[in-house]
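The sequence shown maps to residues 242 to 625 in our numbering.
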Amino acid sequence: MAFDWRSIFGYQTFKMVRVKDLRLGVIFRIFQLLILVYILFEIIYNQRYLKTETPVPGAIRVTLQAPDNLDIPSYCNGPTPCTFWGANEIQYPSDSAGYAFFTTRASARNYPNPPGCNSLRTTSPSDPCVFKPSNNNVTILPTSYIGGIENYTMMIEHSIRGEATSIAIRNGLMTGTLYYSDGKTVYTTKTNASRAKENPRADGDIFTVQDLLTASGANLDAPSTAPGANKAAGETYRSSGIVIAIVINYQNVRLKKDDIVYSYLPRVIDGNEYKVTENILNSTDGSITLIDRHGIRFVFQQNGSIGVFDFVSLLTSLVASIALLKVAELIVEIIMLRFLPEKDVYEDVKFDETRYHGGEVEVKTENKKLPKTETKERDEERDF
Ligand SMILES: *[C@@H]1O[C@H](CO)[C@@H](O)[C@H](O)[C@H]1NC(C)=O
Ligand SMILES: *[C@@H]1O[C@H](CO)[C@@H](O)[C@H](O)[C@H]1NC(C)=O
Ligand SMILES: *[C@@H]1O[C@H](CO)[C@@H](O)[C@H](O)[C@H]1NC(C)=O
Ligand SMILES: *[C@@H]1O[C@H](CO)[C@@H](O)[C@H](O)[C@H]1NC(C)=O
Ligand SMILES: *[C@@H]1O[C@H](CO)[C@@H](O)[C@H](O)[C@H]1NC(C)=O
């Protein structure tokens, strides 16, 4: 058998049927338009042109500052007195990466060392020198509220970097928005300009403690729902402590190159109290001072999706969404072959049938089901 070069260098192509039917044409274009709108929405609105990743958290630093002047707030006139502390005494511990604790209620007692004891160095669990809070104590501070804590200002600094991308940025260069706990309503926005106006030397976002409490839906004077709270006495969150979780979500600005913004999404955790005990050992006389602190615990969590423009990402999303256009063709074809009154005619036009008969292949190309009048109609239709 001779080698057929023409079949090797032949080119194969599909045969198409052009259906000139206004009904099908309109349906097809409507589907195409809807899918096109969807593709554009996906690519532009959902930023499918970016190569994205979850940011790698940098440092989060929260510092507290006392206001210039404080009045005596009304809750100080109740049965629990107030004490007025500096910012360093309120924030505990002073270095807080990823969280911050601000005292709202405190008490302090000093437990003198029994003579001849060293509470750090004991010989057995029953050694009388093992430290236990006892009745032998000196009250340094009776249980008191920290006066005016709501008016203290806090500065939040944070940063992120990318792993696959070269992004590395601190929040002082980005625009940040504080949202209410519903995650949609804006409480306030911090931009380059607003930061420069507030304090040109500040590196982060400045809020009052009240700002974050309001945004997160917390009220220190509301009765605490914590299981450990004394509900009969109407113990408030100021007394039991409170936990506020703040997600910092980083995003690219749509259609702007290398512009990243973030949002603070605070939410109070219902019924979660918070208490820290600070233990101070006096190494001279061996006495131990316990400061019992209840307060506001802010927990920060950095998250989001940051990215850079990437042609391959754009191409991948385009190809994936353009496959959707096939769906439009499929739907129209089902309508054409199954639901139109002329479905038999369309079926004849679309499919050629072959039959193997007596050692020969017959190709059936005639449209036997096509009456003469309909052929004419079809010819007329072609004209519009
Ligand atoms: C806190 O600030 C508000 C608004 O500036 C002021 O009305 C209020 O008296 C202040 N509270 C205290 C305890 O100073
Ligand atoms: C401290 O001493 C007083 C009595 O002096 C007592 O009522 C109180 O329970 C003691 N505190 C602790 C934590 O033991
Ligand atoms: C803020 O200012 C810095 C330079 O001071 C600039 O790099 C950055 O793009 C600015 N950000 C916005 C959102 O304007
Ligand atoms: C430790 O105890 C000694 C003796 O009682 C006292 O003089 C000193 O002031 C105490 N130090 C602190 C930091 O309380
Ligand atoms: C972080 O954000 C991504 C998308 O932005 C989300 O899928 C993921 O659940 C978030 N993770 C946390 C811990 O919030």
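From the three backbone atoms N, C-alpha and C, an ideal C-beta is built for every residue, glycine too. Predicted model only: the values in this text are computed from it and were never measured.
Residues sharing a beta bridge with R350, DSSP: Answer is T380, L531.
Between the Cα of S435 and the Cα atoms of G445, F552, T426, which residue gives the shortest distance? Residue G445 is the option with its Cα nearest to S435.
Looking at the strands, I want to know which residues DSSP matches up with R411. Under DSSP, R411 forms a beta bridge with S400.
Output the residues surrounding ligand 2, defined as those with a CB atom closer than 5 Å to any ligand heavy atom, in chain order. In chain order, the qualifying residues are P374, N376, N378.
Roughly how far, in whole angstroms, is the beta-carbon of I547 from the beta-carbon of I401, given that I think they are within contact range, below 8 Å? Between I401 and I547 the Cβ distance is about 7 Å, and since that is below 8 Å, they are a contact.
Once the 5 residues before and after T394 are set aside, which same chain residues still bring their CB inside 6 Å of it? Taking C-beta separations shorter than 6 Å and ignoring five residues to either side along the sequence, the partners of T394 in its chain run Q306, I447, T449, following chain order.
DSSP state of V509, grouped into three classes? Of the three classes helix, strand and coil, the one that applies to V509 here is strand, per DSSP.
Is I331 near T321, with beta carbons less than 7 Å apart? In this structure, I331 keeps its C-beta atom at 7 Å or more from the C-beta atom of T321.
I'd like to confirm something about D312: is its beta-carbon nearer than 6 Å to some heavy atom of ligand 1, or not? Correct: D312 has its Cβ closer than 6 Å to ligand 1.
Compute the Euclidean distance between the alpha carbons of K256 and M577, then round it to the nearest angstrom. Going from the Cα of K256 to the Cα of M577 covers about 18 Å.
Are there any heavy atoms of ligand 1 lying less than 6 Å away from the beta-carbon of N392, as far as the coordinates show? Under cutoff, so the answer is yes.
Meets three-Cβ-pair contact criterion under 8 Å: the segment 527-534 and the segment 497-511: Counting Cβ pairs under 8 Å, fewer than three are found: no touch.
With distances taken Cα to Cα, identify the nearest neighbour of T304 among S385, A338, P298, T455. Ranked by Cα distance from T304, the options S385, A338, P298, T455 are led by A338.
How would you write the range of the alpha helix (DSSP H) that A561 sits in, first residue to last? Per DSSP, A561 belongs to the alpha helix (DSSP H) from 552-563.
Rounding to the nearest angstrom, what Cα-Cα distance links P308 and P353 in this structure? Taken atom to atom, the span from the alpha-carbon of P308 to that of P353 is near 36 Å.
Which value, in whole angstroms, describes the spacing of the CA atoms of T614 and I271? Per-residue confidence for T614 stands at a pLDDT of 46, beneath the threshold of 50, marking its modelled position as unreliable; no derived number is given.
Just reading off the alpha helix (DSSP H) that K425 is part of, what are its end residues? No alpha helix (DSSP H) holds K425; DSSP gives it neither H nor E.
Give the DSSP-derived three-state secondary structure of L291 in the structure shown. Strand, per DSSP.
Taking the alpha-carbon positions, what's the E603 to D589 distance? Taking the straight line joining both Cα atoms gives about 16 Å.
Alpha-carbon spacing of N359 relative to N523, whole angstroms: So the alpha carbons of these two residues sit roughly 11 Å apart.
Sub-7 Å separation of V549 and T406 beta-carbons: Result yes, Cβ atoms of V549 and T406 sit closer than 7 Å.
Just to check, is the beta-carbon of G327 closer than 6 Å to a non-hydrogen atom of ligand 1? Incorrect: G327 has no Cβ contact closer than 6 Å to ligand 1.
Which one or two residues does DSSP pair with S385 in a beta bridge? The partner list for S385 (beta bridge, DSSP) reads A347.
State the beta-bridge partners of P374 as determined by DSSP. Partner(s): none; P374 has no beta bridge.
Shorter than 6 Å, the distance from the beta carbon of D526 to the closest heavy atom of ligand 4, or not? D526: yes, Cβ under 6 Å from ligand 4.
Assuming Q273 is part of the beta strand (DSSP E), what are its boundary residues? Per DSSP, Q273 belongs to no beta strand (DSSP E); it is in the alpha helix (DSSP H), 263-281.
Is it right to say A300 is buried, meaning 16 or more other beta carbons lie within 10 angstroms of its own, or is it exposed? Around the beta carbon of A300, a 10 Å sphere encloses fewer than 16 other beta carbons of the protein chains shown; the residue is thus reported as exposed.
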